[in-house]
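If you want this note's numbering, it's the position in the sequence shown, counting the first as 1, plus 110. Everything on this sheet refers to the single structure shown next.
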Amino acid sequence: SYPTFWEIIGLAIFSIALILILFFSLTPYSFIPIINKKNCVNFLNTSNRLILYERSNESLSAISVIIAKNLEKIFKYAAKYDRMWDIKGSPFKSAFEKNKVPKKEHNLVLSAREIIDVVMSDKYYCKYLSENNLGLLLRIINQTNEHKLWNSCGYIF
Numbered sequence: 111s112y113p114t115f116w117e118i119i120g121l122a123i124f125s126i127a128l129i130l131i132l133f134f135s136l137t138p139y140s141f142i143p144i145i146n147k148k149n150c151v152n153f154l155n156t157s158n159r160l161i162l163y164e165r166s167n168e169s170l171s172a173i174s175v176i177i178a179k180n181l182e183k184i185f186k187y188a189a190k191y192d193r194m195w196d197i198k199g200s201p202f203k204s205a206f207e208k209n210k211v212p213k214k215e216h217n218l219v220l221s222a223r224e225i226i227d228v229v230m231s232d233k234y235y236c237k238y239l240s241e242n243n244l245g246l247l248l249r250i251i252n253q254t255n256e257h258k259l260w261n262s263c264g265y266i267f
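In structure tokens, the structure reads:
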């Protein structure tokens, strides 16, 4: 009866492993990182490094998946940045004063702006989007119109 016990334990572990494999294969998008104030700078640095030094379709695709999952958040925070704050005659002392951005969100706003200005406007990334991911490109255009980013971010739009 002792070997039967181990056979039952082995069958149970094997069954649990199969169930976990099935679960993880059905929910692949649940493992895409969500950009927040703790990891925004790390994502920006990693994506810049991938675009500058490793321009493979796989790396650009990985960046696109993360950007697509976080697109609304990126554009929402980028719209809070005021690029006209340092113009002569402006009453604002920083780019965050006009939209009353809390100090704890400054890195997130700057990173979102840099993601748009540097990562999403890179020549190779734009070429990748136009050839392989038109759906994301259309979502980017819609988010640009929705958040009126032509007034608050860089000059790429």
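The beta carbon of each residue, even a glycine, is placed where N, CA and C say it ideally should be. Keep in mind it's a predicted model, so treat the numbers as computed, not measured.
* **Residues near Val229 by beta carbon distance below 8 Å, same chain, minus five either side** => Leu154, Ser157, Asn158, Ile161, Ile173, Ile177 and Tyr235
* Thinking C-beta only, is Val219 closer than 8 Å to Tyr187? -> yes
* Just list the alpha helix (DSSP H) runs in the segment 224–248, keeping only unbroken ones of 4 residues or longer that don't cross its boundaries, in chain order. => 233–242
* In chain order, which alpha helix (DSSP H) runs of at least 4 residues are fully inside the segment 162–215? -> 167–179 and 181–188
* With a threshold of 16 other CB atoms inside 10 Å of the CB of Ser221, please say whether the residue is buried or exposed. => buried
* To do: State yes or no: is the C-beta of Lys183 within less than 8 Å of the C-beta of Ile145?
  => yes
* To do: Identify, in the order they occur along the chain, each residue of the same chain with its Cβ nearer than 8 Å to the Cβ of Leu246, setting aside the five sequence neighbours on each side.
  => Ser174, Ile177, Ala178, Leu181 and Leu239
* Cβ pair Lys214, Lys147 closer than 8 Å -> yes
* **N- and C-terminal bounds of the alpha helix (DSSP H) containing Phe134** => Tyr112 to Leu136
* Quick one: Cα of Thr114 to Cα of Ile126, how far? -> 18 Å
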